[in-house]
């Protein structure tokens, strides 16, 4: 297993050099990250809903968009906050009547980054997929064996988006 080169971070006039992790520390870090991703797989959804659940088990939903077998709904009963942090919306995506994905939107970059830190505390740091593209400013991914969670940030809209979906889709 190769050890990453030393990263240096310049802070004002002081240069901080991070010590590379030992082989044992890298293994422990990987073990913890694996356990956190297993937590994501075990939850298999968000709050009280699991991916694959049939639409008939959703109460007080409003269908917003539909194209053939795919449609998006919102629930009137959803609390639009997580751990005290506000949400703009929670949208449930269905395919052939089964929950296929969950979109969560957080208002403002500051709020969405706070929510990102919350999900990182629950599921680990995630992997930085890319830092910046024309469409998104950055993207972080947690890839479990059964569930994938992504965070995408759009500074131009001043919003962050979280997306839960089944890994096999």
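Residue numbers (our numbering): 19 to 187. In this text, a Cβ means the ideal position worked out from N, Cα and C, and glycines have one as well.
Inset, instruction - Within its chain, find whatever has a CB closer than 8 Å to the CB of residue 176; leave out the 5 residues flanking it on each side and keep chain order. - result: On the chain shown, position 158 is the one that residue 176 refers to. Closer than 8 Å at the Cβ level, and outside the excluded window around residue 176, lie 125, 126, 127.
Inset, instruction - Have a look at residue 69 and residue 113 and give me their C-alpha separation to the nearest angstrom. - result: The residue given as residue 69 occupies position 51 in the chain shown. The residue given as residue 113 occupies position 95 in the chain shown. Going from the Cα of residue 69 to the Cα of residue 113 covers about 11 Å.
Inset, instruction - Taking residue 77 as part of the alpha helix (DSSP H), name the residues at either end of that continuous run. - result: Position 59 of the chain shown, counted from the first residue, corresponds to residue 77. Premise fails: residue 77 is in no alpha helix (DSSP H) and is neither H nor E.
Legend entry - Exposed unless 16 or more other CB atoms sit within 10 angstroms - verdict on residue 83: On the chain shown, residue 83 is found 65 positions in, with the first residue counted as 1. Burial call: exposed.
Inset, instruction - Look at residue 136 and residue 101 and say whether their C-beta atoms are less than 7 Å apart. - result: Translated into the one-based positions of the chain shown, residue 136 becomes position 118. Translated into the one-based positions of the chain shown, residue 101 becomes position 83. Going by C-beta atoms, residue 136 is nearer than 7 Å to residue 101.
Inset, instruction - Would you mind reading off the limits of the alpha helix (DSSP H) that contains residue 36? - result: The sequence position of residue 36 within the chain shown is 18, counting from 1. That residue, residue 36, is in no alpha helix (DSSP H); it is neither H nor E in DSSP.
Legend entry - Helix, strand or coil at residue 185 according to DSSP, with G and I counted as helix: Walking along the chain shown from the start, residue 185 turns up at place 167. Residue 185 sits in coil when the DSSP states are folded into three classes, being neither helix nor strand.
Inset, instruction - Could you spell out where the alpha helix (DSSP H) holding residue 132 opens and where it closes? - result: Here residue 132 is taken as the residue at index 114 of the chain shown, counted from 1. Start and end: 127 to 141.
Inset, instruction - Keeping to the same chain, check which residues put their C-beta closer than 7 Å to that of residue 72; ignore five residues upstream and five downstream. - result: Position 54 of the chain shown, counted from the first residue, corresponds to residue 72. Excluding its 5 nearest sequence neighbours in each direction, residue 72 has C-beta neighbours in its own chain below 7 Å: 115, 116, listed in chain order.
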